[in-house]
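Chains as they are written, first to last, in my numbering: chain A, 3 to 437; chain B, 1302 to 2114.
The C-beta atom is built at its ideal place from N, Cα and C for all residues, glycine as well.
Read through the structure below, which is laid out as structure tokens, and then see the notes.
Structure below.
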């Protein structure tokens, strides 16, 4: 089990039960578990949605859409069954929060799913777990089985007339399936390719039924909101950004790990105080604030509050909360290459700009980093990425293009340093890149 | 949907709310480029070429997924949009092989056209392109992966359009590739629709690949020669040393009755034209008893003098016509028989009982369904047959109608068929394939609960537990089926050769008792319907006019006998008895069809006009090599009564059209040709009004002025070999063939309206059921033509090997 980190600035809401054996249902109940679900069952959908709206919770998957509002879009009457989907296909490089939730507190996800189901009138929820998280499957499946055994799931949940079933499904190794409609396709047994929108999932989702799909962290937060009250949760965070967020700080810091900090927490403080600063006393070169798809920030840009709005204003995105810290010994060209290699590998191939664009960016950057680039290549790389932006079928293309544009724009000098047969200034990495 | 008004490039447009922007624009003449969008197939939004700017929307939007709404404002051409499209093409060209100089699609490639328009002329990459070897997926289909742009048209065409689902996508990202369901080969219906849909040269056909450059061909739109659906087919023609070659058959402008569709036979089955077995010289049986090449003059003279001799001797002459010759040739043949040979002994090898259908439908012309009706009908009752195999276009229409319009399809057959996947309800009938067995269904539909004997299904359904358990279940199901059919406000009833004579009467009578029921009766060959309509029948003149009451024909036709003649079987019997002096066979093989002992013709002078040396031709006294349907002009009528123009596409040295041969024979017999073919006039006695200034068509284009002149009867028929002169006469004498000629000559299908003149009861009863010989040609067979088609033969063998492999695999499991 990964070592848990801690810092006094943390506000432990979602991580409250981490390390306390809450994967066992009795322990979870002992720690106040399933009380929120019972309360929601008594109070009904309107109460749930109002409370969710009051909490200011915004989707933790990356887009930051208000969760309560999303739930309210689901039509009350539907001829087709409604569904709740938990997106646990956590695959964005730099992101490692959901797996901790599944590991330490799987019942929070189950309970959150039940509450979401009650809110929209669904009878079935699916927990879609990233395929590579093999070691979590048993934990989550056991948790679901235990919840069934206690009567918290099934035909008559908590002894009521209400039915709610939960099914656990794993992915088959595609980042793309983290996109909500591609996840539905995958869940239906098809190729993991996104759907055309509209219609949106709230109207036509899984198996054509109205569907709420939320990130695992979002869902795991839900029971806590009802335990502490929506308003109290909202008060923790910053303006229009309720509550806390699980920040996964990785890269060249002294104390990497997942920290639960209030929304709007200062990034500089996060790196230098919470994570203990840059490793080995080196200088900070750059920060990727929200997972590999978010544009890079320079050291001069990191004195900002980490919430959806403030990071957006700084020209990047809060994304999935994966903060990647880059020190001065890192080759940015290589970093760009590593990033684009991931997206080229994960592009589903559906649309031309993403399929061809990621591949050509990867090829160009590989050659460029190996010392065979030209000045024109630098423009070409930027041109290619800019022509992918906003043109692709789903956000994966943007996710690949955005950081690339950021790297070229902010570190053009470093690109130029690779020209004219000069070896990579951070030569020790060259071999790696060539592989 | 109510209409909404929106603005595109400053122009106000109106369309029903919810119309796709790309459709609305194309309708208004605003071109929006797209690779993946294909009308009628599911939306992909994958190629990103159709991006447009919508006011107040931050990103460019795809026109193929944007539904128009009131007051919306769009821009479809701007520097930003052009750049987006250019960038997409640059990306495609990065891996595209640019082997355009040798690519089949070079010159008619959508990627080339778009590159030309958006000017992606600079190479941005220096890395090697991805390359993969080409793959042969079947005898018909090749795949060049590097050329593929992944628009998924082929996948959807195969799955959604054909309901075959033989293509899918393997791998992801830049490695993604189209792949066949058989792993490395196709297990499918070999229709080639994937090739047609491909915007580039990724999918190519065995019959066409690397044969020519597209601009070396002329294109002639005509009618496929194979089945009774009568698809429009565009033949690509190139000059050759012995005339012209047909190098390709496809569905180029999709303007025909078949829209997008063409099956394996239409697409690949044209090479019989080039078959080495093709007859190219007249043959005369010499004193030694062998067939010997002769000149046309010798052969015609010989035939003419022999016919005169037999006629003078007062001996009977029989004439058997064809299901694959044109209406004009058929009309001319019966007129020749009746006025020149003076006999009603004329028939054809009937694949269905059209006279029986005509009798049943008499007086109810508006109840005949055209093929186009099957594309839009809300409800269809299909009884018997298997359209997927035997009437592929009908099957396509029914599938498409179900898919796009949610048409309700009811199927009643004696064995399961593929179309049941689209059916709302299907009913397995307790009948055998024997003719007449389906008759009981009419009684059942009419309310007789005991009409269907489900007990007879014992031997068909092995799994049935006990008689008492299941019979009520089947009957209950049948009753539900009947109720659903009867509850339909309108219905098209489609049936085929399982119904003849009285059975047709009964079914049609049931349907006529309901409002809004239309009928279609399926024939097997390209002009089976036309052969019957044009009077290749011993008792009926063109338009099913009884010879006993000939009406206008009595005045027109000299020497017309009011006595019905012998039908085909009777003629062959008469020959066997030595009572037939001569038998004139045009495009038919009665000996093979009816299994006659060749010795029966010892005392009969046999003349055969055909394109191959058939069994009948092999024992003929004179064989006259005729032109195929692809080498002549005229009209044909499909099963549904839709008339279409056949245009001469190819040339074959040595052969003559059946039309010309007949005229020459009549001339040789000393007949006044003008009485046979009203040439030298416009219609009946008219004179030329406007000769006009016809420029002559550029290659491949229609000569519009000439079409207009001809359509309006303003051109004199200057030649006795002009079939249109006979079409004039057909139109004059047949109420059913009052065709809109401008439409017909423009290349459209024109329903023959009104359909059927009353046939007297006497004749209706005399249904010669034993004369009807259904062809039962499947997807890859087509009578004599199919046997002489190398492409179809290879496909047939391949299909067998694939199904053998499946059987072996199953056995191994």
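Buried or exposed (CB count within 10 angstroms, at least 16 for buried), residue 1581 of chain B: Taking the first residue of the second chain as position 1, residue 1581 of chain B is located at position 280. Answer is exposed; the Cβ neighbour count stays below 16.
Beta-carbon gap between residue 1572 of chain B and residue 2091 of chain B smaller than 8 angstroms: Here residue 1572 of chain B corresponds to residue number 271 of the second chain, with the count starting at 1. Here residue 2091 of chain B corresponds to residue number 790 of the second chain, with the count starting at 1. Using a Cβ distance threshold of 8 angstroms, residue 1572 of chain B and residue 2091 of chain B count as a contacting pair.
Would you call residue 136 of chain A buried or exposed, if buried means 16 or more other Cβ atoms sit within 10 Å of its Cβ? Locating residue 136 of chain A in the first chain gives position 134, where the first residue counts as 1. Classification of residue 136 of chain A: exposed, given that the 10 Å Cβ count is below 16.
Which residues in chain A have a C-beta closer than 8 angstroms to the C-beta of residue 1482 of chain B? List them in chain order. For this step, residue 1482 of chain B is matched to residue 181 along the second chain. None at all; the shortest Cβ gap to chain A is about 14 angstroms.
Quick check on the burial criterion: 16 or more other C-beta atoms within 10 angstroms. Buried or exposed for residue 1799 of chain B? Position 498 of the second chain, counting from 1, holds the residue named residue 1799 of chain B. Classification for residue 1799 of chain B: buried.
Which stretch, first to last residue, makes up the alpha helix (DSSP H) that contains residue 394 of chain A? To locate residue 394 of chain A, count along the first chain from 1; it is residue 392. Element bounds for residue 394 of chain A: n/a, residue is neither H nor E.
In chain B, which residues lie less than 7 angstroms from residue 392 of chain A when you measure between Cβ atoms? In the first chain, residue 392 of chain A corresponds to position 390, counting from 1. Within chain B, the residues near residue 392 of chain A are 1360, 1361.
Can you name, in chain order, every residue of its own chain whose Cβ lies under 7 angstroms from the Cβ of residue 1391 of chain B, other than the five neighbours on each side? Position 90 of the second chain, counted from the start, is the residue given in the question as residue 1391 of chain B. Answer for residue 1391 of chain B: 1421, 1425, listed in chain order.
Could you pull the DSSP bridge partners for residue 308 of chain A from this structure? Taking the first chain and counting its residues from 1, the one referred to as residue 308 of chain A is at position 306. As computed with DSSP, residue 308 of chain A is found in a beta bridge with A/267.
Beta-carbon separation of residue 1693 of chain B and residue 1342 of chain B under 8 angstroms? Position 392 of the second chain, counting from 1, holds the residue named residue 1693 of chain B. Position 41 of the second chain, counting from 1, holds the residue named residue 1342 of chain B. In this structure, residue 1693 of chain B keeps its C-beta atom at 8 angstroms or more from the C-beta atom of residue 1342 of chain B.
Quick test of your reading: residue 227 of chain A and residue 145 of chain A, contact by CB under 8 angstroms. State the CB separation rounded to the nearest angstrom. Start at 1 with the first residue of the first chain, and residue 227 of chain A comes out as number 225. Start at 1 with the first residue of the first chain, and residue 145 of chain A comes out as number 143. About 20 angstroms separates the two Cβ atoms, so there is no contact after all.
Check the Cβ of residue 1348 of chain B against every Cβ in chain A and list those closer than 9 angstroms, keeping chain order. Stepping through the second chain from its first residue, residue 1348 of chain B is reached at position 47. Going along chain A in sequence order, the residues near residue 1348 of chain B (Cβ under 9 angstroms) are 353, 354.
Check each candidate in B/1530, B/1515, B/1554, B/1584 and name the one with the smallest Cα separation from residue 1913 of chain B. Taking the first residue of the second chain as 1, we reach residue 1913 of chain B at position 612. Relative to the Cα of residue 1913 of chain B, the nearest Cα in the group B/1530, B/1515, B/1554, B/1584 belongs to B/1584.
Can you tell me whether residue 1857 of chain B is helix, strand or coil according to DSSP? The sequence position of residue 1857 of chain B within the second chain is 556, counting from 1. DSSP places residue 1857 of chain B in helix when its eight states are reduced to three.
Give the range of the beta strand (DSSP E) segment to which residue 1872 of chain B is assigned. As a working mapping, residue 1872 of chain B is identified with position 571 in the second chain. Per DSSP, residue 1872 of chain B belongs to no beta strand (DSSP E); it is in the alpha helix (DSSP H), 1869 to 1877.
Going along the chain, which unbroken runs of the alpha helix (DSSP H) with 4 or more residues stay wholly within the segment 1657 to 1742 of chain B? Counting only runs of 4 or more, we get 1674 to 1677, 1688 to 1691, 1693 to 1706.
Below 7 angstroms CB to CB, which residues in the same chain sit around residue 1790 of chain B once its five sequence neighbours on both sides are set aside? Residue numbering aside, residue 1790 of chain B sits at position 489 when the second chain is read from its first letter. Residues of the same chain with a CB within less than 7 angstroms of the CB of residue 1790 of chain B, apart from the 5 flanking positions on each side, are 1817 in chain order.
Run through chain B and tell me which residues come within less than 8 angstroms of residue 84 of chain A, C-beta to C-beta. For the purposes of this step, residue 84 of chain A is identified with residue 82 of the first chain, where counting begins at 1. The premise fails here: residue 84 of chain A is roughly 24 angstroms from chain B at the closest Cβ pair, so nothing lies under 8 angstroms.
Which residues in the same chain as residue 1724 of chain B place their Cβ atom closer than 6 angstroms to its Cβ, once the five residues preceding and following it in sequence are excluded? Position 423 of the second chain, counting from 1, holds the residue named residue 1724 of chain B. Excluding positions up to five away in sequence, the list reads 1710, 1712.
8 angstroms Cβ cutoff, residue 1411 of chain B in contact with chain A: Stepping through the second chain from its first residue, residue 1411 of chain B is reached at position 110. No, residue 1411 of chain B lies away from the interface with chain A (no Cβ there is under 8 angstroms from its Cβ).
Below 8 angstroms on the Cβ atoms is my guess for residue 1960 of chain B versus residue 1598 of chain B; work out the distance and round it to an integer in Å. What you label residue 1960 of chain B is simply residue 659 of the second chain in a count that begins at 1. What you label residue 1598 of chain B is simply residue 297 of the second chain in a count that begins at 1. Incorrect: roughly 18 angstroms between the Cβ atoms, too far for contact.
Who are the Cβ neighbours of residue 361 of chain A in its own chain at under 6 angstroms, not counting the five residues just before and after it? Working through the first chain from its first residue, we reach residue 361 of chain A at position 359. Excluding five sequence positions before and after residue 361 of chain A, the CB atoms of its chain that fall closer than 6 angstroms to its own CB belong to 346, given in chain order.
I need the DSSP call for residue 2065 of chain B, collapsed to helix, strand or coil. By one-based count along the second chain, residue 2065 of chain B stands at place 764. Caution applies to residue 2065 of chain B, whose pLDDT of 49 falls short of 50 and renders its modelled position unreliable; the value that the coordinates give is listed next. DSSP places residue 2065 of chain B in helix when its eight states are reduced to three.
Can residue 1349 of chain B and residue 349 of chain A be called in contact, C-beta distance under 8 angstroms? By 1-based counting over the second chain, the position of residue 1349 of chain B is 48. By 1-based counting over the first chain, the position of residue 349 of chain A is 347. Their beta carbons are not under 8 angstroms apart, which means residue 1349 of chain B does not touch residue 349 of chain A by this criterion.
Does residue 191 of chain A get closer than 8 angstroms to chain B when you measure Cβ to Cβ? In the first chain, the residue the question calls residue 191 of chain A occupies position 189. Among the residues facing chain B, residue 191 of chain A is not included, as its CB has no counterpart in that chain under 8 angstroms away.
Taking CB distances under 8 angstroms as the criterion, tell me whether residue 1392 of chain B reaches chain A. Taking the first residue of the second chain as position 1, residue 1392 of chain B is located at position 91. Yes, contact with chain A.
Beta-carbon neighbours of residue 422 of chain A, restricted to chain B and to distances below 9 angstroms: Here residue 422 of chain A refers to the residue found at position 420 when the first chain is read from its first residue. None at all; the shortest Cβ gap to chain B is about 17 angstroms.
Contact defined as beta carbons within less than 8 angstroms: I believe residue 124 of chain A pairs with residue 86 of chain A. What is the distance between those atoms, to the nearest angstrom? Looking up residue 124 of chain A in the first chain gives position 122. Looking up residue 86 of chain A in the first chain gives position 84. Taking C-beta atoms under 8 angstroms as the contact rule, residue 124 of chain A and residue 86 of chain A qualify, at a distance of about 5 angstroms.
Tell me the residue span of the alpha helix (DSSP H) that contains residue 154 of chain A. In the first chain, residue 154 of chain A corresponds to position 152, counting from 1. DSSP places residue 154 of chain A in no alpha helix (DSSP H); its state is neither H nor E.
Nearest to residue 1906 of chain B (by Cα), restricted to the options B/2095, B/1604, B/1437: Start at 1 with the first residue of the second chain, and residue 1906 of chain B comes out as number 605. Selected option, being the one with the closest Cα: B/1604.
Which class does residue 1992 of chain B belong to by DSSP, given the choice of helix, strand or coil? As a working mapping, residue 1992 of chain B is identified with position 691 in the second chain. Here residue 1992 of chain B scores only 46 on pLDDT, less than 50, and its place in the model should not be relied on; the value that follows carries that caveat. Judged by DSSP in its simplified three-state form, residue 1992 of chain B adopts coil rather than helix or strand.
Contact list for residue 1370 of chain B against chain A, beta-carbon separation under 8 angstroms: Position 69 of the second chain, counted from the first residue, corresponds to residue 1370 of chain B. Those do not exist, as residue 1370 of chain B stays about 12 angstroms from chain A at its closest Cβ, beyond 8 angstroms.
Return the CA-CA distance between residue 1980 of chain B and residue 1849 of chain B, expressed in angstroms with no decimal places. Taking the second chain and counting its residues from 1, one reaches residue 1980 of chain B at position 679. Taking the second chain and counting its residues from 1, one reaches residue 1849 of chain B at position 548. Rounded to whole angstroms, residue 1980 of chain B to residue 1849 of chain B spans 29 angstroms at the Cα level.
Counting contacts by CB-CB distance shorter than 8 angstroms, is residue 1502 of chain B in contact with chain A? For this step, residue 1502 of chain B is matched to residue 201 along the second chain. Taking Cβ atoms only, chain A never reaches closer than 8 angstroms to residue 1502 of chain B, which makes this a no.
When the cut-off is 8 angstroms and only beta carbons count, does residue 1526 of chain B lie next to chain A? By 1-based counting over the second chain, the position of residue 1526 of chain B is 225. Not an interface residue.
Can you find the residues in the same chain that come closer than 8 angstroms, C-beta to C-beta, to residue 162 of chain A, ignoring five residues on each side of it along the sequence? Position 160 of the first chain, counting from 1, holds the residue named residue 162 of chain A. Within the same chain, residue 162 of chain A has close Cβ partners 43.
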